[in-house]
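Written below as structure tokens is the structure these notes are about.
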Amino acid sequence: MDFSTKTIHAGQPAESTTGAVVSPIFQTTTYQQIGPGEHRGFDYSRTSNPTRQRLEAVLAELEGASHGALFGSGLAAENAVLQAYLKPGRAIVVPEDVYGGTFRMLHQVFEPIGCKVTSVDFGDLAAVSRAITPETSLVWLESPTNPRLLVYDIAAVSAVAHAKGALVVVDNTFATPYFQQPFDLGADLVLHSVTKYLAGHSDLIQGAVIARDAAIFEPVKFLQNALGGIPGPFDCWLTLRGLKTLELRMDRHAENAIRVAEALSAHARVKRVYFPGLPSHPGHDIALRQMTGFGGMVSFELDGTVEEACAFTASLKYFALGESLGGVRALVCLPCRMTHASIPAETRHALGLSDTLIRLSPGCESSRDLVRDLVEGLDRLGAAKIETQTPIAIGQ
Ligand SMILES: Cc1ncc(COP(=O)(O)O)c(C=O)c1O
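Residue numbering for the sequence shown follows the working numbering, beginning at 4 and increasing consecutively.
So, in structure tokens, the structure goes:
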């Protein structure tokens, strides 16, 4: 089955009683049993729900795997993986620019109970290898990263981690299974903020954990029920509906991202564009190897002040100023004041996150409208201010 066929058919049989071709929303808490302890595969909706089960099946198939567990948010999914594998006394290795919510959970929830968190530059494989100790149970990475869209070599990192006995978790939120198949590159667990491209319409919060290996998946599945952080059937139904257009949407997002990256690269008020599709991007060659498209996100550094960056982001017509990404409607974000505001300025700057770095999530609008919106916004800022220099008098 090809990818787009899977999004529409995998795990979604016609409903057996009526033949309804769209999965019903099984909005039920419990299920009538035939006799005490004798049921039809469902006994309580925290444990299992037919709408959720359909979505878990299709997500697993899209990643080329067989096991999926859904959660009420991407962070709830991360929590289940960490509770399963990062016990007190154990260690995790993460990239320096790991998603801020993951950073907060690791340092404020797991470190205080005795887990060790080591951050390294995942572009440096020797450093990753050195960071993995006998206590390391997990090596965790995102690719592309947020917001600079750095690309890490998943196959190489997996080989290094496996050689030292650690499991590899890949957060595939930015790439989606359409553009990147982490299990084929060595991942043991794949994680998603379903909130973003998978659901695709900025109308829900949801997360997923997917595995190929039943034994690796089992502790996460246990915790889905034991911790109880599940999504409701209606949200699962919305994601099932959104997923059916994943391929169409991702093709449009990716095409729009290319057009936006090209236009920004040509503008005088743009200092630098971060997009894996640009040959100048440091991760371009790896992206060509491990992805089938460059994704839908573009970031850029404005040549100007933070005040100008604020004015620009608030002035756009089609890019709504807001957190999140991956929806059909375009979004713009100023990380230093929004998603990354909680990271101290010195740390942000050390990570290369300048205060005029702007993150764009081009939606499925027309690329002409999106590009015009950005170019007009940049033009409104006028020419860049030239640093005034006091001329040195001759003879001084
Ligand atoms: C890469 C990545 N992983 C995980 C998350 C957390 O997902 P959620 O917001 O659904 O909890 C996010 C949210 O922005 C994210 O960007």
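Each residue gets a CB set at the ideal place from its N, CA and C atoms; glycine is no exception.
Where E368 and I261 are concerned, what is the direct C-alpha to C-alpha distance, given to the nearest angstrom?
14 angstroms
Hey, would you say the C-beta of Y102 is under 7 angstroms away from at least one heavy atom of ligand 1?
yes
Per DSSP, what are the beta-bridge partners of S302 in this structure?
Y277, R362
Helix, strand or coil for V154 per DSSP?
coil
Please give the ranges of any beta strand (DSSP E) in the stretch 155 to 185, keeping only runs that are unbroken, at least 3 residues long and fully inside the region.
170 to 174
If you reduce the DSSP assignment to three classes, tell me which class A387 lands in.
coil
Take the Cβ of I289 as the centre, count every other Cβ of all protein chains shown within 10 Å, and call the residue buried at 16 or more, exposed below.
buried
Is K9 helix, strand or coil by DSSP?
helix
In the DSSP assignment, the alpha helix (DSSP H) including E265 goes from what residue to what residue?
249 to 268
What would DSSP say about A87, mapped onto helix, strand or coil?
helix
Locate the alpha helix (DSSP H) running through V223, then write down its first and last residues.
217 to 230
CB A264 to CB V301, shorter than 8 angstroms?
yes
I'd like to know if the stretch 23 to 34 and the stretch 232 to 246 are in contact, where contact means that at least 3 CB-CB pairs between them fall below 8 angstroms.
yes
Taking the alpha-carbon positions, what's the S258 to G298 distance?
Per the sequence shown, residue 258 should be read as Glu rather than Ser. In a straight line, the C-alpha of E258 is about 9 angstroms away from that of G298.
Buried or exposed: A17, going by 16 or more other Cβ atoms within 10 Å of its Cβ?
exposed
Between G325, L373, A387, Y321, which lies nearest to E310 when the distance is taken from Cα to Cα?
A387
State the Cα-Cα distance for the pair P365 and G44, rounded to the nearest angstrom.
42 angstroms
For G385, does the count of other Cβ atoms within 10 angstroms reach 16, so buried, or fall short, so exposed?
exposed
Can the beta-carbon of N228 be found less than 8 angstroms from the beta-carbon of R57?
no
Going by DSSP, what residues sit across from F74 in a beta bridge?
G210
Rounded separation between K320 and D382 - CA only
14 angstroms
Same chain, Cβ closer than 6 angstroms to F220, five either side skipped, listed in chain order
H70, A214
Proximity winner among D372, G126, V61, relative to F6 (alpha-carbon distances):
V61
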